[in-house]
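Structure first, then comments.
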Amino acid sequence: ETGVTQTPRHLVMGMTNKKSLKCEQHLGHNAMYWYKQSAKKPLELMFVYSLEERVENNSVPSRFSPECPNSSHLFLHLHTLQPEDSALYLCASSQDPGQASGNTIYFGEGSWLTVV
Amino acid sequence: AQSVSQHNHHVILSEAASLELGCNYSYGGTVNLFWYVQYPGQHLQLLLKYFSGDPLVKGIKGFEAEFIKSKFSFNLRKPSVQWSDTAEYFCAVGQAGTALIFGKGTTLSVSS
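Listed in order, the protein sequences are those of chains R and L.
Counting from -18, one number per residue, gives the positions in the first sequence under our numbering.
Counting from 211, one number per residue, gives the positions in the second sequence under our numbering.
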């Protein structure tokens, strides 16, 4: 148990579907993240939220749309994805968004997404 | 652009062998350095981290890493691996005001 819970754990969707990934953190952290983990590639930072405000967006296609309604919840809305978007999507949280104090990032178990 | 390089993609060792996984980064200035581990079927978890002080950092399960500023390196070591160390290992680097950047990961397979 990491304190960061992701649902669903597995998702298969067609290219025309709309779906959402959900993340909840029980650690009282102020920052939340979405990362994409693909085979043989580095973990890619997608979005960073600090106190519900997006502070970083690493040129992610608009077919991925994040939402952070409060500091404990983070969503990733998915629409008209491509097969190359199939990957493990990891949610994470930390006390603060930056690395000024070397604060640790805590990861969820991830949501396996397959786009067919 | 800032980057993190892990040179070993897949390492295969026998139990009791010594381990060293390389990590180099291309940042200038003050950095915070991390090693995360992902055991099969489990979430990513912190193994150890460095952000100041003694450059030799000890983590969980007998792992340690040494920060060598002049070489921009933060290599992970363990004197004697066990079968249960089979996992994927990620080096990550961050600076104040930015989120962590991860390397591609190194898969460690330990045979008993």
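Glycine included, C-beta positions come from ideal geometry on N, C-alpha and C.
Check, Outcome
"Would you list, in chain order, the members of the region -3 to 17 of chain R that have their beta-carbon closer than 9 angstroms to a beta-carbon of chain L?", "Ala12, Tyr14 and Tyr16"
"Just to make sure I have the definition right: I need the residues of chain R whose C-beta is within less than 9 angstroms of the C-beta of Leu257/L. Which are they?", "Within 9 angstroms Cβ-Cβ: nothing; Leu257/L doesn't reach chain R, min ~11 angstroms."
"Identify whether Ile278/L lies in helix, strand or coil by the three-state DSSP scheme.", "strand"
"Say whether the region 15 to 22 of chain R touches the region 51 to 70 of chain R, bearing in mind that this needs 3 or more beta-carbon pairs closer than 8 angstroms, one atom from each stretch.", "yes"
"In chain order, what residues of the same chain have a beta carbon less than 8 angstroms from the beta carbon of Met(-6)/R, not counting five sequence neighbours either side?", "Lys0, Leu59, Leu62, Leu94, Thr95, Val96 and Val97"
"Any idea which residues DSSP pairs Phe56/R with across the strands?", "Lys3/R and Glu48/R"
"In its own chain, which residues sit with a C-beta less than 7 angstroms from the C-beta of Leu243/L, not counting the 5 before and 5 after it?", "Lys259, Tyr260, Phe277, Phe284 and Val303"
"If we ignore side chains and look at the alpha-carbon of each, how far apart do Gln(-13)/R and Asp77/R end up?", "20 angstroms"
"May I ask you to list the residues that DSSP assigns as paired with Gly304/L?", "Asn242/L"
"Pick helix, strand or coil for Glu65/R, following the three-state DSSP scheme.", "helix"
"Express the C-alpha separation of Leu(-8)/R and Glu65/R in angstroms, rounding to a whole number.", "15 angstroms"
"Which residue comes first and which comes last in the beta strand (DSSP E) that contains Val291/L?", "Premise fails: Val291/L is in no beta strand (DSSP E) and is neither H nor E."
"Nearest chain R C-beta to Phe282/L closer than 7 angstroms, yes or no?", "no"
"Distance, Cα to Cα, Ser43/R vs Asn(-2)/R?", "15 angstroms"
"Would you identify the three-state DSSP class for Lys22/R, choosing helix, strand or coil?", "coil"
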